[in-house]
Amino acid sequence: MSVFIDKNTKLVIQGITGRDGSFHAKQMMEYGTQVVAGVTPGKGGQKFEGTVPIFNTVADAVKATGANTSVIYVPPPFAADAIMEAAAAGVQLVVCITEGVPVLDMTKVYPFVKEKGVRLIGPNCPGLITPGESKVGIIPGRICAPGPVGVVSRSGTLTYEVVNALTKAGIGQSTCVGIGGDPINGTNFIDCLAAFEADPKTKAVAMMGEIGGTDEQEAATFIKEHMTKPVVGFIAGQTAPPGRRMGHAGAIISGSAGTAAEKIESFKAAGMGVAQRPVDFVELIKARLG
Amino acid sequence: MSVFIDKNTKLVIQGITGRDGSFHAKQMMEYGTQVVAGVTPGKGGQKFEGTVPIFNTVADAVKATGANTSVIYVPPPFAADAIMEAAAAGVQLVVCITEGVPVLDMTKVYPFVKEKGVRLIGPNCPGLITPGESKVGIIPGRICAPGPVGVVSRSGTLTYEVVNALTKAGIGQSTCVGIGGDPINGTNFIDCLAAFEADPKTKAVAMMGEIGGTDEQEAATFIKEHMTKPVVGFIAGQTAPPGRRMGHAGAIISGSAGTAAEKIESFKAAGMGVAQRPVDFVELIKARLG
Amino acid sequence: MNIHEYQAKEILRGYGVNIPPGEVATTPAQAEAIATKYGTAVMVKAQVHAGGRGKAGGVKFCKTPADAKEKATAILGMQIKGLTVEKVLVTVAADIGSEAYVGIIVDRATKKPVFMVSAAGGIDIEQVAAETPEKILYVPVDVRYGLPTYDAMRMGFFLYDDVKLARAAGKIMQQLYAAFMASGCSLAEINPLVVTPQGELVAVDGKMVIDDNELDRLPAIAALRDESSEEPSEVDARNANLTFIKLDGNVGCVVNGAGLAMATMDLVKYYGGDPANFLDIGGSSNPEKVVYALRIITADPNVKAILFNIFGGITRTDDVANGIVTATKANPLKVPIVIRLTGTNEEIAMKILTENGFSASSDMDEAVQKAVALAKGGKAA
Amino acid sequence: MNIHEYQAKEILRGYGVNIPPGEVATTPAQAEAIATKYGTAVMVKAQVHAGGRGKAGGVKFCKTPADAKEKATAILGMQIKGLTVEKVLVTVAADIGSEAYVGIIVDRATKKPVFMVSAAGGIDIEQVAAETPEKILYVPVDVRYGLPTYDAMRMGFFLYDDVKLARAAGKIMQQLYAAFMASGCSLAEINPLVVTPQGELVAVDGKMVIDDNELDRLPAIAALRDESSEEPSEVDARNANLTFIKLDGNVGCVVNGAGLAMATMDLVKYYGGDPANFLDIGGSSNPEKVVYALRIITADPNVKAILFNIFGGITRTDDVANGIVTATKANPLKVPIVIRLTGTNEEIAMKILTENGFSASSDMDEAVQKAVALAKGGKAA
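Protein chains in written order, with the numbering used here: chain A, 91 to 380; chain B, 91 to 380; chain C, 14 to 394; chain D, 14 to 394.
See the structure below:
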């Protein structure tokens with residue numbers, strides 16, 4: 091058993107006939123993900139690429155196919171409803187790729203998924219991949235390789251940068267999770283760190299944070315108190331000015347809180363390895379894998 | 091330990107300076123209930139009857155006095171907020187006497203108290219009494235006596251009628267609970283039956299239902315499957331016409347559902363004693379107490 | 014509180030529901046004028062608080078304004094389930110392709126508003142529920158989240174295969190839900206929801222029942238009450254803050270508390286009598302209420318005996334006794350009265366009654382039996 | 014998105030918040046006319062998206078219309094934190110008894126809107142939070158239930174002992190909350206909330222920040238954007254769907270992805286350079302975006318070298334290469350460019366660039382070092 095997804099993941103894709111949804115549906119199918127259903131209201135009864143049945147609702151899809159995971163590629167105004175639909179339909183994991191979901195929508199979605207006991211990853215995230223087993227989202231499969239490093243990150247391409255460097259250096263990954271760059275998301279660093287700690291395949295963790303909020307500081311405390319496996323951390327945004335939203339809705343320094351310096355300090359205090367540059371992960375992880 | 095309230099109940103009264111609140115506050119204090127606080131916004135710092143401290147908010151009252159139970163005597167438009175205030179302030183039991191609370195308010199209040207893990211009794215109920223220990227609400231103390239019979243009822247004065255008859259016949263009560271006559275209330279028959287079953291002081295139960303809904307039928311199933319103690323039941327409203335609300339918002343026969351005949355049938359099927367008249371409880375309970 | 018179809022439709026229209034134009038007429042000439050204005054076939058529909066208007070002949074299709082006048086003449090003044098038709102709704106007749114049912118009630122079991130939708134619309138939903146329950150989809154709504162679009166769409170697809178219709182229906186569900194919540198409803202329904210041959214969704218009939226407890230904070234809704242279409246004695250009772258329901262028997266009952274009131278009626282029946290009413294004077298002990306209660310009950314010519322059954326808790330029995338004395342002094346009773354009083358200030362009450370020539374007991378069964386006998390015999394005690 | 018004080022006040026007024034009358038002036042004569050109309054002392058307040066207006070001399074009390082004209086003359090055209098004041102709000106001056114702070118933000122930790130209220134109003138709330146945290150009450154709101162009256166009253170009593178003021182303040186909390194939710198805010202505040210000597214509650218200043226992600230569904234709010242008060246390059250970038258933030262350095266950065274863009278800026282700094290901007294071209298690989306990005310960056314005279322850092326996932330690197338070629342053909346570059354590309358269609362991209370006279374590497378550190386060196390040297394590669 092890997093972290094969050096594995097060979098047994100049966101995926102329903104919400105928005106499978108849209109521009110992004112259809113592109114990534116094919117990518118996931120090529121990677122070997124079990125894509126069992128798609129959802130596009132009004133296209134129920136059709137098939138995607140001649141093989142994947144399309145349904146009008148997630149409830150129908152789950153009932154007919156036993157899907158246990160959903161990935162969402164619908165426009166931002168509909169994303170909150172799509173997440174709740176999936177959670178209500180009985181999947182265990184919902185991954186929302188959509189960027190630009192209003193944060194007030196998330197203040198309502200978050201307690202909803204909690205009440206349903208469903209794990210949400212995202213929104214505004216690249217999804218996750220367990221190399222060689224399953225990919226849910228948009229992380230490019232070819233830059234990953236199976237191996238011992240758990241990767242968790244608030245950003246997309248920065249993750250690719252690090253994963254690519256690790257793979258090129260011959261260091262594979264157990265699971266890579268992009269938790270997303272929004273201020274309110276379904277799964278945080280600690281959730282992932284706990285899962286990596288419990289996962290026998292993971293031997294070390296690479297963690298990429300950003301300015302904004304205090305998630306990284308709390309993660310550092312968790313690492314210090316609960317983790318036996320080594321963790322190497324990085325914080326993007328050391329040169330970011332306060333009060334400006336650096337692309338990600340969540341990457342904003344408010345007042346004196348959420349600076350990179352503060353976060354790096356907490357990493358050091360937790361005894362973590364600290365990467366100053368993305369490429370530093372290679373040597374720091376290598377040293378910790380022994 | 092008795093059912094829901096006992097000597098250790100520390101009560102805060104919401105609306106203590108109102109017409110009903112002040113009258114019943116005195117009654118409860120005379121009965122021996124530990125009335126530790128009252129709440130009336132704007133009268134914080136004053137004292138009720140020279141002894142009970144008044145606070146502006148329930149949170150203040152709980153913090154200062156350790157109240158663990160609240161009873162509510164505020165007008166209907168404010169009752170839902172008062173219930174939520176009490177539940178949020180950390181009491182374990184909220185008893186709402188107020189009649190006329192809009193049922194749509196209760197569709198919001200119910201999940202709120204459930205989330206907080208708080209027991210709500212009512213609204214539109216006479217409250218409860220553990221004779222000789224504590225009284226919360228408006229049940230006249232002098233008609234009750236300590237003893238082995240648990241009483242649970244959807245109505246007020248009908249309860250008094252039965253309790254009075256039992257007491258006059260020398261049969262005392264462990265706890266009497268009026269769960270209220272509204273379609274949505276916080277505590278139902280089954281909650282009370284389970285509590286009586288678990289309460290060592292209770293040896294038999296008298297249960298007064300009404301037309302409307304299916305609570306009594308579900309209670310009968312529960313009694314059949316889970317109760318070892320004898321239960322005697324009564325249903326008011328055998329002569330009520332369908333489609334009319336018989337005073338209580340919950341006492342209405344909708345279509346073919348909720349008739350007295352159906353409920354009595356379920357009592358018989360559960361092997362319960364069935365009182366045809368209120369006074370019949372005396373002999374039926376006496377026979378079951380042995 | 015019941016409101017009329019035309020009132021419910023006005024509310025629903027305000028939330029965006031597509032409803033054919035319509036106006037209310039109280040005379041045949043008005044009905045004709047409205048039909049002339051629309052220049053198309055209309056329906057003339059009796060506005061009364063009673064089901065089965067269609068079967069009773071209270072709903073008619075009219076091709077021409079003259080036809081509308083004629084049908085309005087027949088319907089206005091008609092009796093439906095004991096209620097006189099005072100108003101008709103004259104509304105543009107919709108072409109009907111298919112008929113669906115959409116309703117919301119507050120469900121006691123789930124403690125939530127629950128939608129019921131069925132493609133088998135236009136007929137009695139209770140019949141559908143009893144005979145073909147699989148034709149109804151139930152969707153509970155968690156009011157904390159409102160009606161999410163996905164649940165609205167799920168209902169839309171249950172009714173229609175076509176995505177445009179499903180989406181349009183989903184939108185109507187959300188409009189109906191918004192109207193239901195904001196109007197303090199215990200029931201709201203559209204039956205039938207019609208697909209016209211042109212593929213348009215139209216609400217052809219609308220119904221709303223308002224939770225009485227909402228009326229204080231919704232003055233605009235409370236103002237919709239039409240007292241002319243209610244039992245006058247029940248209107249009087251409500252205005253006096255009494256809960257009163259008229260029945261067909263001859264033992265007039267005055268009781269404090271709803272449960273005890275029902276139990277008293279049941280006991281009247283148990284001892285072979287027939288209650289003339291349900292009447293709860295409530296928990297407060299205002300002597301005025303007793304005066305009103307007696308006035309309402311004695312106005313019913315069927316009543317042959319009056320039974321008071323008061324268990325004094327909050328209610329002070331001496332207040333009730335004073336009320337009886339006051340009321341009967343002003344308007345001497347023409348039928349016998351039996352008084353049962355017990356509880357708070359019982360001794361004072363007994364003294365007041367005795368001094369004024371009344372007798373009273375403290376035993377419920379005894380009092381009920383006596384009242385039943387008096388009603389049968391028709392003589393004073 | 015920031016909106017001006019006068020716009021925030023207009024919204025809050027719509028929700029019932031008591032706010033002194035005010036109008037916007039763009040000339041001293043208008044300011045005088047407005048003050049004349051009110052016939053009382055006014056405040057003239059600079060409308061710019063910058064804090065510390067008061068300290069900068071952008072907020073003035075004016076006893077007479079002539080005074081208002083004079084102060085408006087001084088304030089209009091003034092620079093505050095690099096922004097030119099184009100408008101002033103002329104508003105009736107309130108008598109100030111006491112000042113409180115009321116604000117709501119979306120809190121990441123509780124994942125809820127959270128109220129912050131303090132009787133120490135009128136000053137910077139962050140200072141209060143740092144120095145006297147016990148003077149702030151934090152109240153999170155569960156949006157499923159809204160702001161309950163009891164929580165609003167709790168805040169009211171935290172600010173005022175008097176129950177009437179507490180109740181009035183509680184009402185303002187609920188109005189502010191409703192405005193916050195309906196306007197898609199990430200922040201809304203009233204600072205100061207003033208009690209006048211007459212005991213009236215008045216919102217003397219109001220501020221709202223809107224979540225950019227809400228703008229598509231709130232056209233009326235989106236229309237409040239005042240581009241004249243923003244950095245022109247940032248306005249251009251937004252209109253081209255790019256995320257751009259101008260900084261003070263000389264290495265212009267074009268990156269895909271926010272995290273990688275920040276990491277690239279950090280690496281520029283790491284190697285001794287200074288980034289001229291944050292620029293995220295996003296996930297889609299539209300060559301047009303690259304053209305816009307280059308146009309915006311080259312418009313900054315500080316930029317001495319341009320650095321592309323693209324990790325192709327969804328973004329096709331060949332699209333980026335084509336964009337660079339197109340843009341530089343139309344407007345030849347005057348500063349050196351360093352291109353780092355890797356990922357999707359890397360080989361095609363390299364070929365396109367080479368054929369058009371550009372060189373490119375696939376190593377991020379190497380590219381950043383080169384760009385830093387070029388920016389320092391000021392010479393083309």
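Positions of the beta carbon are idealized from the N, C-alpha and C atoms, including for glycine.
Computed from a prediction, not measured in an experiment: that's the story for all the values here.
Query: Contact check, Ser356 of chain A vs Ala310 of chain A under 8 Å by CB: the rounded distance?; Result: 4 Å
Query: Rounding to the nearest angstrom, what Cα-Cα distance links Gln60 of chain C and Gly303 of chain B in this structure?; Result: 29 Å
Query: Could you say if the region 46 to 60 of chain C and the region 82 to 89 of chain C meet the contact criterion of at least three C-beta pairs nearer than 8 Å?; Result: yes
Query: Excluding the five sequence neighbours on either side, which residues of its own chain have a C-beta within less than 6 Å of the C-beta of Ile109 of chain D, listed in chain order?; Result: Val207
Query: Which residues in chain D sit within 8 Å of Met174 of chain B, going by Cβ to Cβ distance?; Result: Tyr158, Pro161, Tyr163
Query: At what residue ranges does the region 307 to 391 of chain C contain a whole run of the beta strand (DSSP E), taking only runs of 3 or more?; Result: 318 to 325, 350 to 356
Query: Give me the Cα-Cα distance between Gly227 of chain B and Pro165 of chain A, rounded to the nearest whole angstrom.; Result: 54 Å
Query: Are there three or more Cβ pairs, one per stretch, closer than 8 Å when the region 357 to 368 of chain C is compared with the region 329 to 342 of chain C?; Result: yes
Query: Is Lys100 of chain B close to chain C, meaning its C-beta is less than 9 Å from at least one C-beta of that chain?; Result: no
Query: Assign Thr99 of chain B to one of two classes, buried (16 or more other C-beta atoms within 10 Å of its C-beta) or exposed (fewer than that).; Result: buried
Query: Determine the DSSP secondary structure at Asn252 of chain C, reduced to helix, strand or coil.; Result: helix
Query: How big is the Cα-Cα spacing for Ile325 of chain B and Ala360 of chain B?; Result: 15 Å
Query: Could you please give the first and the last residue of the uninterrupted beta strand (DSSP E) stretch that includes Ser264 of chain A?; Result: 263 to 268
Query: With 9 Å set as the bound, which would you pick, yes or no: does the beta-carbon of Asp171 of chain A sit closer than that to a beta-carbon of chain C?; Result: yes
Query: Assuming Ile309 of chain C contacts Ala250 of chain C (C-beta within less than 8 Å), just tell me the rounded distance between them.; Result: 5 Å
Query: Please confirm whether Met14 of chain D has its beta-carbon closer than 9 Å to some beta-carbon of chain B.; Result: no
Query: Measuring CB atoms only, is the region 192 to 200 of chain D touching the region 114 to 127 of chain D, in the sense that at least three cross pairs come out at less than 8 Å?; Result: yes
Query: Between which residues of its own chain and Gly348 of chain A is the CB-CB distance below 6 Å, once the five residues before and five after are set aside?; Result: Ile301, Gly302, Gly303
Query: Do the CB positions of Met278 of chain D and Phe257 of chain D come within less than 9 Å of each other?; Result: no
Query: Can you look up Arg167 of chain C in the DSSP assignment and give me helix, strand or coil?; Result: helix
Query: Assign Gly35 of chain C to buried or exposed, taking buried as 16 or more other Cβ atoms, counted over all protein chains shown, within 10 Å of its Cβ.; Result: buried
Query: Pick helix, strand or coil for Gln60 of chain C, following the three-state DSSP scheme.; Result: coil
Query: Shorter than 9 Å from the beta carbon of Asp332 of chain C to some beta carbon of chain B?; Result: no
Query: Pull up the distance between the alpha-carbon of Met166 of chain C and that of Arg180 of chain C, whole angstroms please.; Result: 6 Å
Query: What whole-angstrom Cβ distance do Thr292 of chain A and Lys319 of chain A have, given they're in contact under 8 Å?; Result: 7 Å
Query: Ignore the nearest five residues each way along the sequence and tell me which others in Asp313 of chain C's own chain have a CB closer than 8 Å to its CB.; Result: Ser246, Lys259, Gly265, Ala289, Asn290
Query: Which of the three DSSP states, helix, strand or coil, is assigned to Arg209 of chain B?; Result: strand
Query: Which of the three DSSP states, helix, strand or coil, is assigned to Asp279 of chain C?; Result: helix
Query: Just to check my reading of the structure: Ser187 of chain B and Ile219 of chain B have Cβ atoms closer than 8 Å, yes? What is that Cβ distance to the nearest angstrom?; Result: Looking at the sequence shown, residue 187 of chain B is not Ser but Ile. Not a contact, Cβ separation roughly 13 Å.
Query: Quick one: what does DSSP say Phe94 of chain A is sitting in, helix, strand or coil?; Result: coil
Query: For Val89 of chain A and chain D, any beta-carbon pair shorter than 9 Å?; Result: Residue 89 of chain A lies beyond the residue range present for chain A, which begins at 91 and ends at 380; the question has no answer from this structure.
Query: Starting from Gly183 of chain D and walking both ways along the alpha helix (DSSP H), at which residues does that stretch end?; Result: 176 to 195
Query: Please decide whether Leu269 of chain C counts as near chain B, where near means a Cβ-Cβ distance under 9 Å.; Result: Looking at the sequence itself, residue 269 of chain C is Asn, so the reference to Leu does not match. Yes, Asn269 of chain C lies at the interface with chain B (some Cβ there is under 9 Å from its Cβ).
Query: Among B:Pro167, B:Ser264, B:Met297, B:Lys358, whose alpha-carbon lies nearest the alpha-carbon of Val93 of chain B?; Result: B:Ser264
Query: Helix, strand or coil for Leu160 of chain C? Go by DSSP, reduced to three states.; Result: coil
Query: Closest Cβ-Cβ distance between Phe257 of chain C and chain A: below 9 Å?; Result: no
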